[in-house]
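A quick write-up on the structure given underneath.
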Amino acid sequence: MTLEDESALIEGILRNDEECVVRFVREFQDMVYAQSMRMLKNSMDAEEVSQDVFLKAFRRLEKFERRSKLSTWLYSITYKSCLDSLKKQKRRGHEVDVEQAEGHDWEQIADSLSLLEAQEQRDLINDALGKLSPSDAMLIDLYYLQGIPTKEITEITKMSSGNIRIRMMRARQKLADILSQTLPQETIEQYRYGRE
């Protein structure tokens with residue numbers, strides 16, 4: 002979506018144009034739900050947070066300053082809403098489920114492997130991501146799986162770029178340590194040293 006399209010969409014929503022509201026939700030619902038699922042690891046919680054994210058977005062849209070992309074702004078709302086949900090679960094004494102998140106794109110890892118081996122690797126990596134803290138797993142997901150640049154991640158998480166680099170380095174090391182028991186060394190090296 003171009004900046005002009007985003008601007009027209011925002012203006013339409015602010016005018017209470019129902020088509021723009023529907024288009025906005027359709028455009029971003031998969032992204033918001035997928036991000037919620039990656040952090041919360043529970044479909045019911047992810048659905049609830051996704052609904053909350055859109056309600057918050059509609060209430061705050063008038064204050065959106067347009068210094069970043071609309072998707073970055075929504076990622077930020079999603080990230081904060083997921084953290085709030087995790088805090089509430091912790092206060093209530095619920096443990097966060099470690100269900101396997103779906104939808105990761107691991108094609109680069111599995112290029113030279115058979116389809117069965119690739120699926121086994123995806124399962125192992127998803128399980129390993131589930132063992133990281135939600136914040137670390139999200140950083141790995143945003144940067145490596147979705148290709149979002151560090152600058153946008155700083156806007157989403159409100160962390161400094163230096164802090165993000167350090168946390169990603171540590172998260173890569175943890176992920177590599179977890180995976181070292183089951184995956185081939187070349188796959189582990191991808192996580193330990195990161196993308197170029």
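Mapping of the sequence shown onto my numbering: position 99 corresponds to residue 100, and the numbering continues sequentially without gaps. Just so you know, even glycine gets a beta-carbon here, dropped at the ideal spot from N, CA and C.
Contact set for S86: own chain, Cβ-Cβ below 7 Å, skip 5 residues either direction
L41, D46 and V50
Suppose contacts are defined by Cβ-Cβ distances below 8 Å. Is I14 in contact with L56 by that definition?
no
Can you confirm whether the region 167-180 touches the region 69-80 when touching is taken to mean that 3 or more C-beta pairs between the two stretches lie within less than 8 Å?
no
Does the ligand HEM have a heavy atom nearer than 7 Å to the CB of L180?
With respect to the ligand HEM, the structure shown offers nothing to examine, as it has no ligands at all.
Host alpha helix (DSSP H) of I154 (start-end)
T151 to T158
From what residue to what residue does the alpha helix (DSSP H) around M7 run?
According to the sequence displayed, residue 7 carries Glu and not Met. Unbroken alpha helix (DSSP H) run through E7: L4 to L15.
Checking 8 Å against the spacing of the C-beta atoms, do S77 and E156 come in under that value?
yes
Verify whether the separation of the beta carbon atoms of T158 and I149 is less than 8 Å.
no
By the DSSP assignment, the alpha helix (DSSP H) with Q52 in it spans what residues?
S44 to R61
Same chain, Cβ closer than 6 Å to L143, five either side skipped, listed in chain order:
I149 and I154
In three-state terms, what does DSSP make of S69?
coil
To the nearest angstrom, how far is the alpha carbon of S181 from that of S136?
22 Å
Note the first and the last residue of the continuous alpha helix (DSSP H) segment covering Q174.
S162 to L180
Could you tell me which of S162, K152, Q147 and R24 sits nearest to R39, measuring between CA atoms?
Q147
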